[in-house]
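Note sheet for the following structure.
Right, here's the structure in full:
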């Protein structure tokens, strides 16, 4: 940016100059002749390296460029000393030059992206997975030609190989596994809350199961099914007896529940696998006579029966 004779450089350009330790020298606007050597070098690369050249990726193009420099550009005669090649002149000059930095300048694209309800960020028409605890936040994508890095402030939360396709979903297996584990834990937690609310004796029963090294997840599933099949009162009574006897396992509970149902001359329960959103909803019954309104096949008339 220019204000009269004052020039303000772009911050990224200054960072690049500081990294490679050179001084940027601007020329006047629309005065390409003031940097003729630079323009001639660009023209040489454009006319000698690029014509009729094909490449499969940026890495392939860079590899071809390195080979072209050593086999073509460096072996040509030096424009200012046609008795030597460019490589020979550069070998004399190199001891007087500053050493290159150990790491290249991080020339990455930076973009702030919003994460919605699903743990993915969209960048360049592709979706990249992030940890599930970063949903509904604004993260930063750092994109290089080969890698996508995603950070939350100063913390790096995900790294992926960059995809150059369109509409692809790039996932880290650990992100998917962590999401599945969190959903499973949340489901078990909801089941325990429901059991504790319906049957106060569930808490000491779970404590006994844990002390004996039992599987709390399987116990939660089993108790929930018993609650649905036998009801809260019957399960509470069976839990009280099982705790008093020290038989904290599902088999003992099932036996107590079956004995109670048999003593009351009730049929065995039928357990229905209902989805979560259906449980607890009121079901309105219909009169069976409504089935009589179903159209009978022609010629089937039983009104005289």
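Residue numbers (our numbering): 6 to 310. Ideal placement from N, C-alpha and C gives every residue a C-beta, glycine not left out.
Measuring alpha carbon to alpha carbon, tell me which of 120, 82 and 148 ends up nearest residue 113. 148
Quick check: the Cα distance between residue 249 and residue 267, rounded to an integer number of angstroms? 22 Å
Does residue 310 pass the burial test, meaning 16 or more other C-beta atoms within 10 Å, or should it be called exposed? Since pLDDT at residue 310 reaches only 48, below the 50 mark, its modelled position is unreliable, and the value read off the structure follows with that caveat. With fewer than 16 other Cβ atoms within 10 Å, it is exposed.
Got a sec, what are the start and stop residues for the beta strand (DSSP E) residue 160 sits in? 160-166
Which residues does DSSP list as the beta-bridge partners of residue 128? 131
For residue 66, the nearest candidate out of 54, 75 and 76 (CA to CA): Comparing Cα-Cα distances from residue 66 to each of 54, 75 and 76, the minimum goes to 54.
State the CB to CB distance for the pair residue 237 and residue 204, rounded to an integer number of angstroms; the pair is presumed to be in contact (CB under 8 Å). So it is a contact: roughly 6 Å between Cβ atoms.
If you run the structure through DSSP and keep just helix, strand and coil, what is residue 310? At residue 310, the pLDDT of 48 sits below 50, so the modelled position is not reliable and the matter cannot be decided from this model.
Pick out the complete alpha helix (DSSP H) segments inside the region 15-93, 4 residues or longer, and give them in chain order. 16-25, 41-53 and 63-73
Residue 274 versus residue 239 - alpha carbon distance: 12 Å
Kindly indicate which residue of 253, 251 and 242 has the alpha-carbon position closest to the one of residue 263. 242
Run through DSSP, which three-state label would residue 113 get? coil
Please classify residue 125: is it buried, with 16 or more other beta-carbons within 10 angstroms of its beta-carbon, or exposed? buried
Which value, in whole angstroms, describes the spacing of the CA atoms of residue 85 and residue 94? 10 Å
Please classify residue 177: does DSSP put it in a helix, a strand, or coil? If DSSP states are grouped into helix, strand and coil, residue 177 belongs with coil.
I'd like the ranges of any alpha helix (DSSP H) spanning at least 4 consecutive residues and lying wholly in the region 205-232. 207-216
Since residue 147 is in the beta strand (DSSP E), which residue starts that stretch and which ends it? 143-148
In whole angstroms, what is the alpha-carbon distance linking residue 41 and residue 22? 21 Å
Which residues in the same chain as residue 209 place their Cβ atom closer than 6 Å to its Cβ, once the five residues preceding and following it in sequence are excluded? Counting only Cβ-Cβ distances below 6 Å, and skipping sequence neighbours, we find 248.
Reference residue 255, options 225, 62, 122 and 102, closest by Cα: Here the closest residue by C-alpha is 225.
Taking 8 Å as the threshold, find out whether the region 216-233 comes into contact with the region 168-181 through three or more Cβ pairs. No: fewer than three Cβ pairs fall under 8 Å.
Measuring CB atoms only, is the region 160-175 touching the region 135-143, in the sense that at least three cross pairs come out at less than 8 Å? yes
Keeping to the same chain, check which residues put their C-beta closer than 8 Å to that of residue 64; ignore five residues upstream and five downstream. 150 and 151
Short Cβ contact (8 Å threshold) for residue 200 with residue 228: A contact, by the Cβ cut-off of 8 Å.
Go ahead and label residue 12 buried or exposed: buried means 16 or more other beta carbons lie within 10 angstroms of its beta carbon, across all protein chains shown. exposed
Sorted by chain position, which residues of the same chain lie with C-beta nearer than 8 Å to residue 175's C-beta, five sequence neighbours on each side aside? 131, 132, 133, 134, 153, 165, 166 and 168
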